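Using my numbering, read the sequence shown as starting at 1 and increasing by one per residue. Just so it is clear, CB atoms sit at the ideal spot from N, CA and C, and this is done for glycine as well. Every value quoted in this text rests on a predicted model; they were computed, and no experiment measured them. The structure appears below as structure tokens.
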Amino acid sequence: MTQEANDGTMQPSIMHKFRASVAQPILHSILHTELSQAVYTAEHVESLGTKLGVEISSRLASEPGWDRYKFITNIVVSQPGPGARMSSSCVWDSNSDCVVRESFVSPNIRCTASRMAERKWTDWQYTRDELKQTPSVASGWTVEREEMDRAKACTLVYAAARKLQLPQITSASACVYLHRFFMRHSLKEYHHYNVAATCLFLACKAEESLRKLDVFIPVIAYYASKGHRKAVVGTSEYDKWRSVIVTTEPIVLEALCFDMVVDHPHVSLVHMLERTPLDERRKQMAWSFVADCMRVPVCLVHEARTVAGAAVELAMRVAPEQGDNAVLDGAGVRRAEVESVVQWLLEFYAREAQARRPVTEAVQTPASSPASPTVG
């Protein structure tokens, strides 16, 4: 959480409020620059509206202190002629939320742009420094060890999800749930494989990709034990895993405050790849990098759009081509934050490579975990 959230203050500070006095000139400049020579045509009105929306989002995204807001940009382009009055309504907090509007009228075209800013109330935004003060670190884990244990848990999630033929969004949600859980509980108290299994089972429910326990548990047991154990229905191994999931599920839900909604970078990546000149090979790389970003707690520090931008940036660095420097222009991401995610992932790759051993032993769940009997 940010310092603003930690000091007990519910409202944003005066320096971090969305200010119409800052946004209004930006909207004015964009509309007059883009529309001064424009002529209304039905064939191009949709693309023009999209272009204006992207430009406004990109320009305003660079303003500091507004990262805790969510925005809605509304663009109405019409033929010149009699005017029209527009109105909208929503749940509004006058102490923090705001809306700014700007219009452009010429003999050839009419346009109205509005930008609504609503403060995001969330307990799931942290800083890198706060990741060094987690319950696991307080219990004796190093920051590096905790990150590797989280990554191992997410690797289990991905392996089981592939075998169960689950959508990417389901496995990504499970990883986010896991990272959030370990901001409030320690790895010393709950083994990461047990939490991974529970989070994936919850994600199947939240993302409406249900799997029955008699199908789910054998897959989890197989990958958690590196193929050494089977959990057929009716065996003690199956009963142990069933007990783990049933017992841990309410604990995870309570830690998450029953907040199962996740803003995924996958959605932003789809939009970015639609407007970027990347070939299929580099697009596949970007998807792989997004999946790897979910293995580390990047989602607790950076917005989904920033993570998607970092995946595109990494794909371009692996296979650079001329003109790559301008690919992320207009994507609504801050270059400094994208670079932060890129370096975070590269550092994780380096630590992961150093930690690899020629012989991989089956990981056993510690019996000391009160909610997690030995299962692997």
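Residues of the same chain with a CB within less than 7 Å of the CB of residue 146, apart from the 5 flanking positions on each side, are 134, 136, 137, 187 in chain order.
Between residue 290 and residue 311, the C-beta gap is smaller than 8 Å, which places the two residues in contact.
Nearest Cα to residue 154 within the set 344, 217, 199, 252: 199. For secondary structure counted as the beta strand (DSSP E) over 3 or more consecutive residues, the segment 225–260 holds no complete run. Under the three-state reduction of DSSP output, residue 117 falls in the strand class.
Between the segment 170–186 and the segment 243–263, the count of Cβ pairs shorter than 8 Å is three or higher; the stretches touch.
Taking all protein chains shown into account, residue 305 has 16 or more neighbouring C-beta atoms within 10 Å of its C-beta and is therefore buried. At the C-beta level, residue 328 and residue 338 come within 8 Å of one another. Cα atoms of residue 39 and residue 30: separation of roughly 16 Å, rounded to the nearest angstrom. Contact between the segment 165–174 and the segment 222–240 is not established, with fewer than three Cβ pairs separated by less than 8 Å.
Beta-bridge partners assigned by DSSP to residue 71: 117. Boundaries of the alpha helix (DSSP H) harbouring residue 136: 135–138, taken from the DSSP string. Counting only runs of 4+ residues, the alpha helix (DSSP H) found wholly inside the segment 149–223 occupies 168–181, 192–206, in chain order. From the listed residues 169, 166, 189, 112, the smallest Cα separation to residue 141 is found for 189. CA-to-CA, the gap between residue 110 and residue 261 works out to about 38 Å. Contact check for residue 27 against residue 72 fails: the beta carbons are separated by 8 Å or more.
For residue 124, the CB contacts under 7 Å within the same chain, skipping 5 residues up- and downstream, are 180, 300 in chain order.
Residue 309 is classed as buried because its beta carbon has at least 16 other beta carbons within 10 Å across all chains shown.
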